[in-house]
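To start, the structure itself, in structure tokens.
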Amino acid sequence: MRHIPNLLTSLRLVLVPCFLVASMQRMYTLAFVLFVTAAVTDIFDGAIARRFNVRSRIGALLDPLADKTLMICGFLYYTFSSVLPRVAIPGWLTFTVFARDFLIVVFVYLLYTRIRVTRFPPSAAGKISTMVQAATLGAAIAANGFLPQVERLADVLFHVSVVTTLFSGWGYLRRASQLLTDEPLAQA
């Protein structure tokens, strides 16, 4: 049981190139199935690790790597592909998602190098933002393939996603600032 979470995370990493190839071949139904499978492995690997207390250092590194690899590849392809039949993720959303993730990496680096913070767990807003981003990518994939009716939903999710991404980014900025300076930022 102790290796199952890491196996699921590894499977997610293996699914990323398969997901990309399916997307590039315009096999959007298969791409959607692979994306959902990867998302489900993310849910199960964490649940199993917590339930059976089988967390590992390699899992702590691979899990966010697998998550970000899937989302980065998906957002880049579904933003910049010139062959999508219906819906492309807007560049402004992809930029916002990447900017927030880049800032989180900078925060974690500063927290570690300046005050030796070794854990900077995701906030509730960060988890919600990630779920909305995943739903957004899933809707974009589905709208291009087997479910064109979700095109309007995808458009709504683009806007919801940018709001949740900005909100969670602001929360991470406040947390990092508080830890680095011991002085909270003024409430907005």
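In this text, residue positions in the sequence shown follow the numbering used here: the first is 110, and each later residue adds one. Glycine included, every Cβ here is placed at the ideal spot set by N, Cα and C. Since the model is a prediction, treat every value here as computed from it, not as a measurement.
Close Cβ partners of residue i (< 6 Å) along its chain, the five nearest in sequence each way excluded
| i | result |
| --- | --- |
| ALA140 | PHE128, ALA131, SER132, ILE250 |
| SER238 | THR273, THR274, SER277 |
| MET147 | Reading off the sequence, residue 147 comes out as Ala, not Met. Within the same chain, ALA147 has close Cβ partners ARG121, LEU124, LEU179. |
| ASP172 | THR118 |
CB contact flag (residue i, residue j, <8 Å)
| i | j | result |
| --- | --- | --- |
| ALA156 | GLY168 | no |
| SER270 | LEU185 | no |
| THR273 | VAL226 | no |
| THR205 | ALA197 | no |
| ALA175 | ARG121 | yes |
| PHE144 | GLY247 | yes |
| LEU179 | VAL125 | yes |
| PRO230 | VAL163 | no |
| LEU289 | LEU212 | no |
| ARG243 | ALA252 | The question names Arg, yet the displayed sequence has Ala at residue 243. Not closer than 8 Å, so no. |
| GLU260 | ARG195 | yes |
| ARG111 | VAL192 | no |
Where the alpha helix (DSSP H) through residue i begins and ends
| i | result |
| --- | --- |
| VAL238 | It should be noted that the sequence gives Ser, not Val, for residue 238. Taken as a continuous stretch (DSSP letters only), the alpha helix (DSSP H) holding SER238 covers 233-253. |
| ASP151 | 137-160 |
| PHE229 | Run containing PHE229: none; DSSP gives neither H nor E here. |
| VAL259 | Premise fails: VAL259 is in no alpha helix (DSSP H) and is neither H nor E. |
| VAL130 | 113-133 |
| ILE167 | 166-189 |
Burial state of residue i (16 or more Cβ within 10 Å)
| i | result |
| --- | --- |
| THR118 | buried |
| LEU170 | exposed |
| ALA297 | Unreliable placement is indicated for ALA297, whose pLDDT of 45 sits below 50; the coordinate value is still reported in the next sentence. With fewer than 16 other Cβ atoms within 10 Å, it is exposed. |
| PHE267 | buried |
| ARG209 | buried |
| ALA233 | exposed |
| ASP312 | Since the displayed the chain opens at 110 and closes at 297, residue 312 lies outside it and no answer follows. |
Close beta carbons around residue i, own chain, < 7 Å, minus the five adjacent residues each side
| i | result |
| --- | --- |
| ASP151 | ARG121, ASP176 |
| PHE153 | LEU117 |
Same chain, Cβ closer than 8 Å to residue i, five either side skipped, listed in chain order
| i | result |
| --- | --- |
| PRO199 | THR188, PHE267 |
With three or more C-beta pairs closer than 8 Å as the rule, is the stretch 216-225 touching the stretch 271-279? no
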